[in-house]
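The working numbering applies: residue 119 is where the sequence shown begins, and numbers increase by one.
Ideal Cβ placement from N, Cα and C applies to all residues, glycine included.
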Amino acid sequence: MKATKKDLQKLGRLQKRSDFLRFNKDSARWVSKGFTLLALPNDLPIARVGFTVTKKIEKSAVKRNRMKRRLRAIAADVLPCHAKAGVDYVLIAREPCATRLFADMTRDLRWCLEKLGHAVD
């Protein structure tokens, strides 16, 4: 299901370092082949999402940016319809993220949300 522009506005973005540092070992986490999904409740009426691709995974900035674009596209496609409000999500790229099929990664994100008990239809 393609997200509309109105659906995308429902999602907030995690951009500050302090937002990312709140995620620790206590946050809910699920690992798929292309990424790791972290989830942590927030006090806001919306779901927010952040993306991380480290130099450990890929040295080239061009390839890291491509991975981030892919993660953003997947989140834009899935999260507006399936994310639970009041939860912050972080997608951390793993090595197969660059080569894994888009459809597979979209299915993985839905699966991770379901396993974490955060899927809302």
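Of the listed residues the options, nearest to residue i (C-alpha basis)
i, options, result
"Arg187", "Val171, Lys202, Leu197 and Asn142", "Val171"
"Val196", "Arg228, Val205 and Leu219", "Arg228"
"Arg147", "Leu158, Arg140 and Asp222", "Leu158"
"Asp161", "Gly204, Leu219, Asp226 and Ala211", "Gly204"
"Asp144", "Gln133, Ala165 and Leu156", "Leu156"
"Gly130", "Gly235, Thr224, Asp206 and Ala221", "Asp206"
"Ala201", "Glu176, Leu231 and Lys181", "Leu231"
Local conformation of residue i per DSSP, three classes
i, result
"Thr224", "helix"
"Asp137", "helix"
"Leu234", "coil"
"Pro163", "coil"
Same chain, Cβ closer than 6 Å to residue i, five either side skipped, listed in chain order
i, result
"Lys151", "Pro214"
"Lys233", "Trp148"
"Arg218", "Gly152"
Beta-carbon separation (whole angstroms), residue i vs residue j, contact threshold 8 Å
i, j, result
"Ala193", "Val167", "5 Å"
"Leu189", "Ala211", "6 Å"
"Lys128", "Ile164", "6 Å"
Endpoints, alpha helix (DSSP H) assigned at residue i
i, result
"Ala191", "Ala179 to His200"
Residue i - containing beta strand (DSSP E), residue span
i, result
"Ile210", "Val205 to Ala211"
"Ala216", "Here Ala216 belongs to no beta strand (DSSP E), and DSSP marks it neither H nor E."
"Val149", "Ala146 to Val149"
Beta-carbon proximity list for residue i, same chain, < 7 Å, skipping 5 on both sides
i, result
"Val208", "Leu132, Phe138, Phe141, Leu156, Gly168 and Thr170"
Own chain, CB closer than 8 Å to residue i, minus 5 neighbours either side, in chain order
i, result
"Lys181", "Ala216"
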